[in-house]
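Trainee:
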Amino acid sequence: MRGHRLRVESDVRRRQVDQGAKGRRRWSRLGLRARVTVTFGLGALALSATMAGLTYFTARQFILHERETAILRQAFVNASLARSSLRSPTQNIGQLLDSLDTLPGSLSVLEQHGQWYATSISVGENAIPPRLRSLVLSGTPATQHFVLDGSPQLVVGIPVPSGGFAYFEVFSLDELARTLRILALALAGAALVTTAAGAVIGRWASGRALRPLDEVSKAAETIAGGRLHVRLVAADDPDLSALAASFNRMADALLERIEREARFTSDVSHELRSPLTTLVTSLGILESHRDDLPVRSRAAVDLLTAELRRFQRMVDDLLEISRVDTGSAELSLDEVEVGELVREAAQAAGVGGALVDIDPAVAGLRLRVDKRRIERVVANLVDNAAQYAGGVTRLSAEPAPDGVRLVVTDHGPGVAPTERERIFERFYRGHTSGRRGTTDGTGLGLSLVAEHVRLHGGRVWVESGVGDENRFVVELPASDQDPEATALVLGTDGDGPGRLPLETPDAS
Numbered sequence: 036m037r038g039h040r041l042r043v044e045s046d047v048r049r050r051q052v053d054q055g056a057k058g059r060r061r062w063s064r065l066g067l068r069a070r071v072t073v074t075f076g077l078g079a080l081a082l083s084a085t086m087a088g089l090t091y092f093t094a095r096q097f098i099l100h101e102r103e104t105a106i107l108r109q110a111f112v113n114a115s116l117a118r119s120s121l122r123s124p125t126q127n128i129g130q131l132l133d134s135l136d137t138l139p140g141s142l143s144v145l146e147q148h149g150q151w152y153a154t155s156i157s158v159g160e161n162a163i164p165p166r167l168r169s170l171v172l173s174g175t176p177a178t179q180h181f182v183l184d185g186s187p188q189l190v191v192g193i194p195v196p197s198g199g200f201a202y203f204e205v206f207s208l209d210e211l212a213r214t215l216r217i218l219a220l221a222l223a224g225a226a227l228v229t230t231a232a233g234a235v236i237g238r239w240a241s242g243r244a245l246r247p248l249d250e251v252s253k254a255a256e257t258i259a260g261g262r263l264h265v266r267l268v269a270a271d272d273p274d275l276s277a278l279a280a281s282f283n284r285m286a287d288a289l290l291e292r293i294e295r296e297a298r299f300t301s302d303v304s305h306e307l308r309s310p311l312t313t314l315v316t317s318l319g320i321l322e323s324h325r326d327d328l329p330v331r332s333r334a335a336v337d338l339l340t341a342e343l344r345r346f347q348r349m350v351d352d353l354l355e356i357s358r359v360d361t362g363s364a365e366l367s368l369d370e371v372e373v374g375e376l377v378r379e380a381a382q383a384a385g386v387g388g389a390l391v392d393i394d395p396a397v398a399g400l401r402l403r404v405d406k407r408r409i410e411r412v413v414a415n416l417v418d419n420a421a422q423y424a425g426g427v428t429r430l431s432a433e434p435a436p437d438g439v440r441l442v443v444t445d446h447g448p449g450v451a452p453t454e455r456e457r458i459f460e461r462f463y464r465g466h467t468s469g470r471r472g473t474t475d476g477t478g479l480g481l482s483l484v485a486e487h488v489r490l491h492g493g494r495v496w497v498e499s500g501v502g503d504e505n506r507f508v509v510e511l512p513a514s515d516q517d518p519e520a521t522a523l524v525l526g527t528d529g530d531g532p533g534r535l536p537l538e539t540p541d542a543s
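Residues in the sequence shown are numbered from 36 upward in steps of one, following this note's numbering.
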C-alpha cells in the first residue's frame with residue numbers, strides 16, 4: 036500500500052515537472068521583445084489590480100462607516116424625539132412617524148406594547164430581521180445589514196424602556212451600492228488602461244534596449260555577405276563598449292582565420308604547380324610515344340592523362356579562388372558587344388552556333404567586362420550541364436532591367452529549390468535524382484562562376500525552365516556601371532575596416 040502511494044506521488048511530481056517544462060518551452064518560443072512586453076504588461080496588471088483593490092476596499096469601508104455613523108446619529112435623534120412626543124397621551128403615533136426627520140430612502144417603524152406602526156406598508160414587523168428584532172425588544176440596541184426585495188438595507192433598532200417602545204429605522208443602501216459599482220468599474224477600467232500602457236511602454240523600452248542588438252545583427256549579416264572588415268563602434272557606454280569589443284575581436288579572429296586559410300590554399304596550389312608541370316611534361320613525352328606502347332600501357336597512359344588534366348583543372352580553380360579570397364583577383368576590363376562576347380564564349384566552350392540565341396534588343400549593347408572571366412563563366416556552366424544534365428540545349432542572351440542576362444539551359448533533371456543556392460557553394464554537389472551528384476566533378480566550377488560574376492557586380496542564379504530544364508542565369512550590369520566599384524560595395528576588395536555605429540538604447 037505504501038509502495039503504491041509512493042508511485043502515485045512520483046507520477047504526480049513527474050507530471051508537474053513535465054507541465055512546468057512545457058510551460059517554459061512555450062515561454063521561450065516567444066521572442067525576447069515579446070517576453071519583455073508581456074512581462075511589463077503583467078507587471079502593470081498586477082500593480083494596477085493591487086492598487087485598484089486597495090483603493091476600492093478602503094473607499095468602501097470609509098463610505099460605509101460614514102453612512103452608518105450618519106444613520107446611527109439620525110436614528111438616535113429620532114428615537115429621542117419620539118420619546119419626548121409620546122409622553123403626551125394624545126399624540127398620534129402615525130403622525131409622529133411622519134413628522135420625524137429621516138435620511139432620504141429611510142423608513143421608520145415603532146413597536147409599542149406589541150403594536151407595530153410604520154411609515155410604509157412595505158416595511159413592518161415582518162420586514163425586520165427576527166434576530167435583530169428579538170435583541171432590540173429585549174433591550175439591546177443593534178444594527179444589521181440585510182436584503183429586502185433584492186435591495187440592500189441597513190436597519191437600526193433602539194429600545195426606549197422609559198417610553199415603553201422600541202424604535203426601528205430602515206435605510207436603503209441602493210444608492211451607496213450604485214456608487215460602489217461605479218467606483219469598481221472605474222478602477223477596473225483604469226487597471227486595464229494601465230495594463231495596456233505598461234505593455235506599450237514594455238514594447239517601446241524593449242525596442243530601445245534591443246536596438247544595439249539590431250546593429251550587431253546588421254554587422255553580422257554584412258560580414259556574412261563578404262564585407263569582413265566591418266566593425267562596431269560603441270558610444271560612451273561601458274556595457275555596449277564591452278559588447279562591441281567582443282564582437283570586433285570575434286570578427287578579427289574570423290578574418291585572420293579566413294586569410295590564413297586562403298594563404299594556405301594559395302601556397303599549396305602554387306607549390307603543386309611545379310610538380311604538376313613536371314608531370315604534364317613527362318606525360319607529354321609518353322603521349323608522343325603512345326603508339327609504341329602495348330595496349331595495356333596505352334590504356335594506363337590515357338587514364339593518367341584524364342586524371343592529370345582533372346587534377347590540373349582543380350589546381351587552377353583553387354588558385355583562382357585563392358586570388359579572390361586574398362583580394363588579389365584583378366579585372367582586365369574591355370568594352371565589347373554582347374553578340375560578339377556570347378559568340379566567342381560559346382565557341383571557346385564548344386557550343387555549336389545552332390544553340391546560340393541572341394536577342395536583337397541586346398545584340399549591340401556594349402558591356403565592360405573581363406572577357407577571359409566571362410568565357411570561363413560560360414565554359415563552367417557548359418561543363419556543368421555536360422556533367423550533370425545531359426548537355427546544353429540553348430545559350431542565349433536576353434535583356435535585363437539594368438544590363439543583360441546570359442542564360443545556359445540544359446536538359447535537366449531540375450535542381451531542387453532547397454539546393455538552388457547551395458550548388459554555388461564550394462565543393463558542394465547536388466543530390467537530386469538521376470545523374471546529378473554521380474560524376475567526378477570537383478565541386479568548384481559553379482562557385483567560380485559565382486565569384487567571377489560577383490567581381491563584375493552581377494549575380495547568378497538557377498531557375499526552372501520547360502519541364503525538367505535548368506536555366507542558369509548570369510545577369511551583368513550595363514557599361515555605364517563600374518564593376519570594380521560594385522565589387523568594392525560587395526566587399527570583395529575592401530582595403531579598410533568599415534565602422535558601424537552601435538547606438539545606445541536612449542539615443543534619439
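From the three backbone atoms N, C-alpha and C, an ideal C-beta is built for every residue, glycine too.
How long is the line joining the alpha carbons of S367 and G237, rounded to whole angstroms?
Mentor: C-alpha separation (whole angstroms): 56 angstroms.
Trainee: Threshold first: 4 residues or longer. Then list the alpha helix (DSSP H) segments lying entirely within the region 146–195, N to C.
Mentor: DSSP runs (the alpha helix (DSSP H)) wholly in the region 146–195: 165–172.
Trainee: Give the C-beta separation of V450 and V497 to the nearest angstrom, bearing in mind that I take them to be a contact with Cβ-Cβ under 8 angstroms.
Mentor: With 8 angstroms as the limit, V450 and V497 qualify as a contact, their Cβ atoms being about 5 angstroms apart.
Trainee: For the structure I just gave you, are there three or more beta carbon pairs, one from the region 228–245 and one from the region 172–187, closer than 8 angstroms?
Mentor: No, because fewer than three Cβ pairs between the region 228–245 and the region 172–187 fall closer than 8 angstroms, the two stretches do not touch.
Trainee: Going by DSSP, what residues sit across from S207 in a beta bridge?
Mentor: DSSP output for S207 lists Q188 as bridge partner(s).
Trainee: Could you tell me if A364 is buried or exposed, where buried requires 16 or more neighbouring beta carbons within 10 angstroms of its beta carbon?
Mentor: A364 should be labelled buried.
Trainee: I believe L189 touches I106 by the beta-carbon criterion, under 8 angstroms. Please report the beta-carbon distance rounded to the nearest angstrom.
Mentor: The pair is a contact, with the Cβ atoms about 6 angstroms apart (cut-off 8 angstroms).
Trainee: Just to confirm my understanding: we take L208, look at its own chain, exclude 5 residues before and 5 after, and list those with CB closer than 8 angstroms. What are they?
Mentor: Correct list, in chain order: R102, H180, S186, P187, Q188, L189.
Trainee: L441 lies in the beta strand (DSSP E); which residues open and close that run?
Mentor: Counting along the chain, the beta strand (DSSP E) containing L441 begins and ends at 438–445.
Trainee: Considering only their Cβ atoms, is the gap separating R325 from V315 smaller than 7 angstroms?
Mentor: For V315 and R325, no; Cβs fall outside 7 angstroms.
Trainee: From this set, D327, N127, G261, which residue's C-alpha is nearest A485's C-alpha?
Mentor: Among D327, N127, G261, the Cα nearest to that of A485 is on G261.
Trainee: Would you report the Cα separation of L245 and A280, rounded to the nearest angstrom?
Mentor: Each residue's Cα considered, the two are about 17 angstroms apart.
Trainee: Determine the DSSP secondary structure at P448, reduced to helix, strand or coil.
Mentor: Three-state DSSP puts P448 in coil, outside helix and strand.
Trainee: For a quick check, are the C-beta atoms of L390 and L430 less than 7 angstroms apart?
Mentor: Yes, these two residues count as a Cβ contact at 7 angstroms.
Trainee: According to DSSP, which residues form a beta bridge with A432?
Mentor: I393, L441.
Trainee: Taking just the CA atoms, how far does T257 sit from V251?
Mentor: Each residue's Cα considered, the two are about 10 angstroms apart.
Trainee: Is the region 378–395 in contact with the region 339–358, if contact means three or more CB pairs nearer than 8 angstroms?
Mentor: Touching, no, given that fewer than three Cβ pairs across the two stretches are closer than 8 angstroms.
Trainee: Whole angstroms is fine: what's the gap from V350's alpha carbon to A288's?
Mentor: C-alpha separation (whole angstroms): 27 angstroms.
Trainee: Note down, one range per segment and in chain order, each beta strand (DSSP E) of at least 3 residues found wholly within the region 319–405.
Mentor: Whole beta strand (DSSP E) segments, 3+ residues: 369–372, 391–393, 401–404.
Trainee: Since F282 and L267 should fall inside the 8 angstroms C-beta cutoff, what is the C-beta to C-beta distance between them, to a whole number of angstroms?
Mentor: The Cβ separation is near 5 angstroms, so the contact holds.
Trainee: So what does DSSP say about V265, is it helix, strand or coil?
Mentor: Looking at V265 - three-state DSSP - the assignment turns out to be coil, as it is neither helix nor strand.
Trainee: In three-state terms, what does DSSP make of V315?
Mentor: Helix, per DSSP.
Trainee: Of the choices P310, F299, A380, whose alpha-carbon is the least far from that of R358?
Mentor: Comparing Cα-Cα distances from R358 to each of P310, F299, A380, the minimum goes to F299.
Trainee: Here's a check: name, in chain order, each residue in its chain whose Cβ is nearer than 7 angstroms to the Cβ of G129, leaving out the five neighbours to either side.
Mentor: Cβ within range, chain order: Y152.
Trainee: Given that a residue counts as buried once 16 or more other Cβ atoms are within 10 Å of its Cβ, and exposed if not, what is P273?
Mentor: The residue in question, P273, is exposed, as its Cβ has fewer than 16 Cβ neighbours within 10 Å.
Trainee: Give every residue of the same chain whose Cβ lies closer than 8 angstroms to the Cβ of I293, excluding the five residues on either side of it in the sequence, and list them in chain order.
Mentor: Result list for I293: L263, D360, in chain order.
Trainee: Looking at the structure shown, is T467 part of a helix, part of a strand, or coil, going by DSSP?
Mentor: In this prediction, T467 has a pLDDT of 44, which is less than 50 and means its spatial position is unreliable; what the coordinates show is noted afterwards. Residue state, collapsed to three classes: coil.
Trainee: Taking all protein chains shown into account, do 16 or more other C-beta atoms lie within 10 angstroms of the C-beta of P434, making it buried, or fewer, making it exposed?
Mentor: That one is exposed.
Trainee: For P176, which residues from the same chain have a beta carbon less than 7 angstroms from its beta carbon, with the 5 sequence-adjacent residues on both sides left out?
Mentor: The residues are G192, I193, P194.
Trainee: Beta-carbon of E486 versus every beta-carbon of chain D: anything under 7 angstroms?
Mentor: Any reference to chain D falls outside this structure, which holds one protein chain only.
Trainee: Distance check for R295 and G426, CA to CA, integer angstroms please.
Mentor: Taking the straight line from one Cα to the other gives about 38 angstroms.
Trainee: To which residues does DSSP link S482 through a beta bridge?
Mentor: DSSP lists no partner for S482.
Trainee: Going straight from the alpha carbon of V303 to that of L353, what length do you get?
Mentor: C-alpha separation (whole angstroms): 9 angstroms.
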